[in-house]
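Heads up: the structure comes next, in structure tokens.
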């Protein structure tokens with residue numbers, strides 16, 4: 001049921017006309033809600049425009065998480081419920097929208113873009129309206145805005161430098177794998193065959209940096225698993241079964257990542273899809289790490305339940321066999 005709702009929302013928001021209509025509807029809802037709640041917190045002689053702007057901007061923030069990060073929306077809704085128990089309903093959407101966007105920004109920290117700066121300014125409008133309505137916190141909110149903006153820019157620059165460094169390391173690794181391919185003398189040998197699979201995985205696909213980071217980690221761990229197989233005959237069986245089980249799935253994930261990054265023209269939709277694939281790769285990377293540790297300890301029994309959970313997650317994401 002949740003997948004159907006998610007697909008329906010994605011289909012609605014993927015249309016540009018629908019997005020414009022949604023923003024117009026949010027504007028009307030914000031002005032209606034703000035006008036009604038202004039009667040509860042303002043004097044009759046006061047103009048309710050600040051409450052209208054506050055509600056409108058808050059609804060825009062919540063709509064962002066509705067279509068792109070429903071976990072953040074759920075946390076924001078809970079924060080709004082808690083706010084409602086202690087404060088008024090007029091400013092509840094602002095509390096919910098602020099909490100939702102904080103969670104959304106954290107969950108999207110590795111794929112922040114210009115769209116997030118735009119929503120930061122939307123939050124600033126809402127925060128300014130809130131500060132004027134309550135007659136307090138205006139200085140604090142202003143400082144918080146600049147702290148978030150500058151901090152986000154610095155974090156993004158650091159992250160981009162790290163991605164560039166890791167991409168360079170990946171290029172060196174690909175060159176190393178090319179040498180291994182050329183130096184391979186026995187293509188029938190199991191570890192050599194698996195090395196060729198890993199080589200194809202890292203050399204065949206052109207992926208966004210967000211996915212390359214996790215793919216590089218998986219490739220490094222796969223090499224360590226191969227090394228365990230070469231140094232300890234007891235590791236050959238479980239190591240081979242594990243790699244033959246997940247390397248083909250990794251090729252499917254990499255292929256989908258390349259297709260999505262090349263064919264999705266909408267930047268927001270592309271970022272969302274790449275972020276979801278990054279989560280899948282992160283799960284697989286964790287499984288490779290646990291498998292390597294199990295081979296080092298010669299104990300793979302405790303890993304079966306976790307691998308079953310991973311298989312179920314991959315099937316749910318459309319990568320199952």
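In full-length UniProt numbering, the protein residues as written are 1 to 321. All residues carry an ideal CB built from backbone N, CA and C; glycine is no exception.
Around the Cβ of residue 195, are there at least 16 other Cβ atoms within 10 angstroms (buried) or fewer (exposed)? buried
Under DSSP, the alpha helix (DSSP H) around residue 93 begins and ends at which residues? 92-107
Distance between residue 87 and residue 251 (C-alpha atoms, nearest Å): 52 Å
May I ask you to verify whether the region 280-287 touches the region 109-121, counting CB pairs closer than 8 Å and requiring at least 3? no
Evaluate contact between the region 83-98 and the region 12-29, counting only Cβ atoms and requiring at least three cross-stretch pairs below 8 Å. No, because fewer than three Cβ pairs between the region 83-98 and the region 12-29 fall closer than 8 Å, the two stretches do not touch.
Whole angstroms are fine: how far does the CA of residue 253 sit from the CA of residue 7? 20 Å
When the distance is taken between beta carbons, is residue 238 closer than 8 Å to residue 295? yes
Between the C-alpha atoms of residue 4 and residue 70, what's the straight-line distance to the nearest angstrom? Spanning the two alpha carbons is a distance of roughly 14 Å.
Quick check: the region 264-271 against the region 224-237, are at least 3 beta-carbon pairs closer than 8 Å? no
Which residues in the same chain have their Cβ closer than 8 Å to the Cβ of residue 247, if we skip the five residues on either side of it in sequence? 194, 197, 198, 201, 222
If you run the structure through DSSP and keep just helix, strand and coil, what is residue 205? coil
Quick one: grab the DSSP three-state call for residue 130. helix
I'd like the list of long-range same chain contacts for residue 206, defined as Cβ closer than 7 Å, with 5 residues on each side in sequence excluded. 258
Measuring alpha carbon to alpha carbon, tell me which of 213, 225, 261 ends up nearest residue 110. Nearest option by C-alpha distance: 213.
At the level of alpha carbons, what is the spacing between residue 261 and residue 97? 29 Å
Assign residue 85 to buried or exposed, taking buried as 16 or more other Cβ atoms, counted over all protein chains shown, within 10 Å of its Cβ. exposed
From this set, 173, 56, 249, which residue's C-alpha is nearest residue 203's C-alpha? 173
Looking at the structure shown, is residue 7 part of a helix, part of a strand, or coil, going by DSSP? helix
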